[in-house]
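With the numbering used here applied, the sequence shown covers 78 to 603.
In this text, a Cβ means the ideal position worked out from N, Cα and C, and glycines have one as well.
None of the values given here were measured: they were computed from a predicted structure.
The structure under discussion appears below in the form of structure tokens.
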Amino acid sequence: MEVTRRTLLKGTALLGGAGLTNYLSGHSILASSDTLSGTHTNIIVGSGYGAAVAAYRLTRRGHRVLLIEMGQRWEQPGADGKVFTSMLTPDERSVWLGQSTTSPVRTIQGVPLDQSVPYGPGILDFKSLGRMSVYRGVGYGGGSLVNGGISLRPRQSYLRNVLPSIADYRFFNYYLPTAERRLNLNSIRSQFFEESEWYAFSRTARDSAVRSGYEATSMPNFYDFDYLEREAADSVPRSALANELIYGNNFGRMSLPHTYLALAEATGRLTVRTLTEVVSIRARRQGGFELDCAERDYSGVVVSNRTFRAKRVFLGAGSIGTTELLLRSRANGGLPRLSEEIGKGWGPNGNITLGRTNPSALPTGPNQSTISVTGIDCRSSIGTYNEVAPLPLGFENYISYYLSIAETSERCDLKLVDDVPQVTWIESQADEAVSRVRQTFDHMNDIEGTAYRTDLFGAENKIFTDDWTYHPLGGVIFGKATTEKGRLKGHESLVVVDGSLLPGSIGVNPLLTITALAEKVMDANA
Ligand code: FAE
Numbered sequence: 078m079e080v081t082r083r084t085l086l087k088g089t090a091l092l093g094g095a096g097l098t099n100y101l102s103g104h105s106i107l108a109s110s111d112t113l114s115g116t117h118t119n120i121i122v123g124s125g126y127g128a129a130v131a132a133y134r135l136t137r138r139g140h141r142v143l144l145i146e147m148g149q150r151w152e153q154p155g156a157d158g159k160v161f162t163s164m165l166t167p168d169e170r171s172v173w174l175g176q177s178t179t180s181p182v183r184t185i186q187g188v189p190l191d192q193s194v195p196y197g198p199g200i201l202d203f204k205s206l207g208r209m210s211v212y213r214g215v216g217y218g219g220g221s222l223v224n225g226g227i228s229l230r231p232r233q234s235y236l237r238n239v240l241p242s243i244a245d246y247r248f249f250n251y252y253l254p255t256a257e258r259r260l261n262l263n264s265i266r267s268q269f270f271e272e273s274e275w276y277a278f279s280r281t282a283r284d285s286a287v288r289s290g291y292e293a294t295s296m297p298n299f300y301d302f303d304y305l306e307r308e309a310a311d312s313v314p315r316s317a318l319a320n321e322l323i324y325g326n327n328f329g330r331m332s333l334p335h336t337y338l339a340l341a342e343a344t345g346r347l348t349v350r351t352l353t354e355v356v357s358i359r360a361r362r363q364g365g366f367e368l369d370c371a372e373r374d375y376s377g378v379v380v381s382n383r384t385f386r387a388k389r390v391f392l393g394a395g396s397i398g399t400t401e402l403l404l405r406s407r408a409n410g411g412l413p414r415l416s417e418e419i420g421k422g423w424g425p426n427g428n429i430t431l432g433r434t435n436p437s438a439l440p441t442g443p444n445q446s447t448i449s450v451t452g453i454d455c456r457s458s459i460g461t462y463n464e465v466a467p468l469p470l471g472f473e474n475y476i477s478y479y480l481s482i483a484e485t486s487e488r489c490d491l492k493l494v495d496d497v498p499q500v501t502w503i504e505s506q507a508d509e510a511v512s513r514v515r516q517t518f519d520h521m522n523d524i525e526g527t528a529y530r531t532d533l534f535g536a537e538n539k540i541f542t543d544d545w546t547y548h549p550l551g552g553v554i555f556g557k558a559t560t561e562k563g564r565l566k567g568h569e570s571l572v573v574v575d576g577s578l579l580p581g582s583i584g585v586n587p588l589l590t591i592t593a594l595a596e597k598v599m600d601a602n603a
């Protein structure tokens with residue numbers, strides 16, 4: 078019989094949990110030639126964009142690396158034969174340590190979309206931080222497992238504004254193109270886009286934008302568009318065309334385990350330890366660090382604690398994960414020399430969502446691909462970038478749904494309150510972003526004779542969501558909390574590589590900028 082995660086899980090229950098789960102969580106390391114004893118030269122925390130770049134660059138330079146990731150390695154199929162669930166049928170694989178989904182669109186015509194799920198270490202985390210909440214991917218591959226794959230360059234003029242020290246010729250002409258190449262970006266074929274029933278929703282929104290005098294552009298992605306075309310032709314199993322996205326894609330998604338991390342593993346120098354959360358870091362008097370970790374089993378329960386030693390640590394746990402870890406390690410005396418800058422410069426990247434109702438002459442189609450390909454670029458006029466997002470409900474709903482990213486100067490602090498991460502963000506800090514987005518779509522509604530949807534975001538007839546983000550940024554700002562090499566001031570053998578380095582607004586979806594900045598940081602540290 079093939080041993081899968083799920084048959085092992087069953088076994089875990091039979092054995093009463095601990096023995097087998099210890100075997101499971103240690104499995105990847107036992108299989109490797111590396112050793113747990115002694116001091117590791119390099120430990121990477123997390124496995125999202127920044128961490129994957131660090132793993133790739135270090136291993137390619139001949140360094141051995143231990144990578145510690147708090148989520149699962151998503152490889153083994155469940156009882157339904159699939160590794161990931163669709164958005165319509167979530168289960169214990171879908172939500173990180175929770176018992177209900179938190180859908181970005183809460184209701185349609187008063188009908189709630191959230192569903193109960195069994196508790197487990199699933200792939201998508203929804204975390205309330207006070208007046209702002211965040212979504213984040215959890216697992217080997219981080220955000221690349223769940224995100225929309227939209228990979229855009231920031232405007233140089235805006236980056237110069239928010240983080241001038243990186244917005245130079247080399248960043249735009251070397252680091253961004255390098256990241257684009259290594260992420261395997263591609264774009265939809267225009268003839269397929271114009272003809273496919275799966276992109277009627279995008280064409281309708283594109284045409285409204287053009288009639289409104291806005292620029293509509295095609296957005297690059299790491300989802301494989303050749304595969305997507307074959308999905309449409311029914312010659313391969315469907316994924317983007319089968320409602321798969323925010324809980325993972327079973328096919329087509331060229332996530333980090335297929336690109337950067339695959340190349341790092343191919344060197345034989347990368348050891349991966351999953352279901353292991355780094356909870357605190359301590360500087361050792363004799364140099365190097367100790368990382369205190371909690372190990373979970375596949376039911377999400379912490380089954381053991383373990384400490385690893387490293388000479389150098391690369392922090393890639395994301396804006397929330399890395400900042401939380403550093404704040405805790407400073408507070409408990411583990412990293413006493415960290416600067417007061419830790420936790421500052423945080424923001425939700427101006428994320429606002431909204432829907433518009435189209436007239437019946439402008440259908441959006443019952444069949445919608447989950448991969449967004451059209452962006453409405455109003456950055457140089459209004460300071461918004463608006464991606465046309467799908468609402469794949471399986472019936473004609475005439476809704477154009479958007480995730481807008483508004484340029485904004487609002488920032489706040491990320492703090493630990495009773496050891497729980499909280500932001501000091503207050504509601505009025507979203508006003509600038511909402512006002513830019515309202516300007517963008519009031520004009521479109523005027524031109525099109527259309528109206529906003531009031532039934533998508535809960536009971537209060539809310540038109541814009543301004544209280545959650547897919548794009549948490551900041552907390553460890555490059556050049557402020559770190560040196561210009563990404564090394565933490567006060568503890569320079571700790572190197573930060575993730576989205577915490579970027580101040581809370583970059584005007585566009587962040588994954589490409591995070592990857593490019595990690596390439597720059599690793600140039601100085603590999
Ligand atoms: P990230 O990718 O979040 O990886 C951090 C990793 O660290 C995760 O795997 C965590 O499980 C792990 N971790 C955290 N704490 C610990 C700890 N204490 N110990 C061990 N491991 C830990 O970090 N961005 C775009 O540019 N385009 C999009 O289309 C897009 N769509 C999105 C859609 C969704 C639903 C979501 C949630 C995000 C989306 N994003 C998008 C945002 C993007 O995925 C995010 O900015 C990057 O993934 C952040 O990269 P980092 O390297 O900072």
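Neighbour-count burial assignment, residue i, 16 or more Cβ in a 10 Å radius
{"i": "residue 506", "result": "buried"}
{"i": "residue 594", "result": "buried"}
{"i": "residue 125", "result": "buried"}
{"i": "residue 268", "result": "exposed"}
{"i": "residue 510", "result": "buried"}
{"i": "residue 472", "result": "exposed"}
{"i": "residue 503", "result": "exposed"}
{"i": "residue 166", "result": "exposed"}
{"i": "residue 316", "result": "buried"}
{"i": "residue 112", "result": "Legend: pLDDT at residue 112 = 40, less than 50; position of this residue unreliable, value from coordinates given subsequently. Exposed: under 16 other Cβ atoms inside 10 Å."}
{"i": "residue 110", "result": "Summary for residue 110: the model assigns pLDDT 33, below 50, so the residue's position carries little reliability; its value from the coordinates is reported in the next sentence. With fewer than 16 other Cβ atoms within 10 Å, it is exposed."}
{"i": "residue 273", "result": "buried"}
Cβ-based neighbour list, residue i, same chain, cut-off 7 angstroms, excluding 5 preceding and 5 following
{"i": "residue 319", "result": "163"}
{"i": "residue 516", "result": "459"}
{"i": "residue 99", "result": "Reliability fails at residue 99, whose pLDDT of 30 lies under 50, so the model's placement of it is uncertain and the value that follows must be treated cautiously. So the list reads 380 and 381, once near-sequence residues are dropped."}
{"i": "residue 312", "result": "none"}
{"i": "residue 409", "result": "357"}
{"i": "residue 140", "result": "118, 119 and 346"}
Sequence-distant residues of the same chain with beta carbon closer than 6 angstroms to residue i, five excluded per side
{"i": "residue 579", "result": "550"}
{"i": "residue 391", "result": "121, 131, 572 and 574"}
{"i": "residue 439", "result": "281"}
{"i": "residue 252", "result": "593, 596 and 597"}
{"i": "residue 286", "result": "293 and 453"}
{"i": "residue 226", "result": "298, 299 and 300"}
{"i": "residue 543", "result": "429, 507 and 511"}
{"i": "residue 107", "result": "Low confidence applies here, because residue 107 scores a pLDDT of 33, under 50, leaving its location unreliable; read the following figure in that light. Excluding residues within five positions, none has a Cβ falling inside 6 angstroms."}
{"i": "residue 220", "result": "125 and 214"}
Beta-carbon proximity check, residue i vs residue j, cutoff 7 angstroms
{"i": "residue 478", "j": "residue 466", "result": "yes"}
{"i": "residue 159", "j": "residue 327", "result": "yes"}
{"i": "residue 222", "j": "residue 332", "result": "yes"}
{"i": "residue 136", "j": "residue 344", "result": "yes"}
{"i": "residue 364", "j": "residue 116", "result": "no"}
{"i": "residue 448", "j": "residue 462", "result": "no"}
{"i": "residue 324", "j": "residue 161", "result": "yes"}
{"i": "residue 278", "j": "residue 179", "result": "no"}
{"i": "residue 530", "j": "residue 451", "result": "no"}
{"i": "residue 133", "j": "residue 341", "result": "yes"}
{"i": "residue 584", "j": "residue 235", "result": "yes"}
{"i": "residue 581", "j": "residue 492", "result": "no"}
{"i": "residue 567", "j": "residue 242", "result": "no"}
Sequence-distant residues of the same chain with beta carbon closer than 8 angstroms to residue i, five excluded per side
{"i": "residue 105", "result": "Here residue 105 scores only 39 on pLDDT, less than 50, and its place in the model should not be relied on; the value that follows carries that caveat. So the qualifying residues of the chain are 150, 348, 349, 350 and 351."}
{"i": "residue 232", "result": "456, 457, 584 and 585"}
{"i": "residue 255", "result": "593 and 596"}
{"i": "residue 404", "result": "419, 420, 491, 492, 493 and 498"}
Any non-hydrogen atom of ligand 3 closer than 6 angstroms to residue i Cβ
{"i": "residue 516", "result": "By its list of ligands, the structure shown excludes ligand 3, since it contains just ligand 1."}
Nearest-angstrom Cβ-Cβ length linking residue i and residue j, presumed shorter than 8 angstroms
{"i": "residue 412", "j": "residue 336", "result": "No, residue 412 and residue 336 are not in contact; Cβ-Cβ is about 32 angstroms, not under 8 angstroms."}
{"i": "residue 620", "j": "residue 425", "result": "There is no way to answer for residue 620, as the model of the chain reaches only from 78 to 603."}
{"i": "residue 196", "j": "residue 169", "result": "7 angstroms"}
{"i": "residue 400", "j": "residue 577", "result": "5 angstroms"}
{"i": "residue 176", "j": "residue 194", "result": "6 angstroms"}
{"i": "residue 184", "j": "residue 432", "result": "About 11 angstroms; that fails the 8 angstroms criterion."}
{"i": "residue 127", "j": "residue 591", "result": "6 angstroms"}
Residue-level contact to chain E via CB, residue i, 7 angstroms cutoff
{"i": "residue 422", "result": "In the structure shown, chain E cannot be found, because there is only a single protein chain."}
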